[in-house]
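Read in order, the letters of the sequence shown are residues 1 to 173 in the numbering used here.
The structure appears below as C-alpha cells.
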Amino acid sequence: MSIDSIAQRDVVVIDAHATLEEAAQLMRDRHIGSLVVTRGDAGEAQMVGIVTDRDLALRVVADGVDPQSPVEDVCSDSVVAVLDTASMAEAAQAMHEAGVRRLVLVDRDRRLRGIVTLDDLIASYAEQLGDLAGALDRGREQEAEADTDAGQPLGPVLVPSDIATTWRRMMEP
1 MSIDSIAQRD VVVIDAHATL EEAAQLMRDR HIGSLVVTRG DAGEAQMVGI VTDRDLALRV
61 VADGVDPQSP VEDVCSDSVV AVLDTASMAE AAQAMHEAGV RRLVLVDRDR RLRGIVTLDD
121 LIASYAEQLG DLAGALDRGR EQEAEADTDA GQPLGPVLVP SDIATTWRRM MEP
C-alpha cells in the first residue's frame, strides 16, 4: 500500500520569520500538531524544517524562549521526506531511521504533496490487522460449516489407545 493513500493533503505551512506565538495559534486554530516551515515567496517557497507542538512545549515554554522569537529558532533544521510513491513500510523505516514522528511527502520534483504522522501509520496498520483477523475468523467459520455439512464431528478426535501408545513410543527419546 502506498503511503500516499493515508497522507494528509491539507499541509499547513508557516514562514520561518513568523513568531512562535503565531505558530502556536495556527496549530490551535487548525487543530494540528505540526507546521512545515518555509522560506521564500509563496510560489517558490523552500521547505526548511518542521515545528511541532512538542517543540513549542519543550523548546519554548520549558526553556522560557520569547514567544515573539522567529519559528526558525526552534524548528527542526531539516525536513525528512519520502516520495509520495513510497510504501507504508518504506515510510515507517524512514521514520525509524530518522527518529521522527512525521514525514513530508514530496513528488519527484520535490513539491510538497502531503504529510504522514506516526499516528496515521499506526491507524492504517491497525485497520489492516483487523481485516486479517476478520479473514481468519471467517475462514474458521467456513471450515466449521463445511465439517458440519459433511457430517464430520466438531468435537475432539478420539485416538484408540493402541495407536496412542505406539505414537508415544515413537516420540520418546
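Glycine is no exception: its CB is placed at the ideal position from the N, C-alpha and C atoms.
What you are looking at is a predicted structure, and each value in this text was computed from that prediction instead of being measured.
Considered as a whole, the stretch 79 to 112 harbours 81 to 83 and 102 to 106 as its complete beta strand (DSSP E) runs of no fewer than 3 residues, in chain order.
Assignment of beta-bridge partners to residue 70 by DSSP yields 19. According to the DSSP secondary-structure assignment, residue 8 is paired through a beta bridge with 115. Under the DSSP assignment, residue 48 falls in the beta strand (DSSP E) whose first and last residues are 46 to 52. For residue 36, the enclosing beta strand (DSSP E) stretches over residues 34 to 39. Residues 7, 8, 11, 34, 36, 102, 103, 104 and 105 of the same chain have their beta carbon placed closer than 8 Å to that of residue 115, with the five preceding and five following residues left out of the count. Sequence-distant Cβ neighbours of residue 68 in its own chain, meaning closer than 8 Å and more than five residues away, are 19, 20 and 21.
Within its own chain, the residues whose Cβ lies closer than 8 Å to the Cβ of residue 14, once the five positions on either side in sequence are excluded, are 22, 23, 26, 35, 36, 37, 38, 51 and 71, listed in chain order. Ranked by Cα distance from residue 100, the first of 111, 78 and 85 is 78. Distance between residue 131 and residue 97, taken at the CA atoms: about 28 Å. At least 8 Å separates the beta-carbon of residue 117 from that of residue 4. Within a 10 Å sphere around the beta-carbon of residue 1 sit fewer than 16 other beta-carbons, which makes this residue exposed. Under the three-state reduction of DSSP, residue 65 is assigned to coil, being neither helix nor strand.
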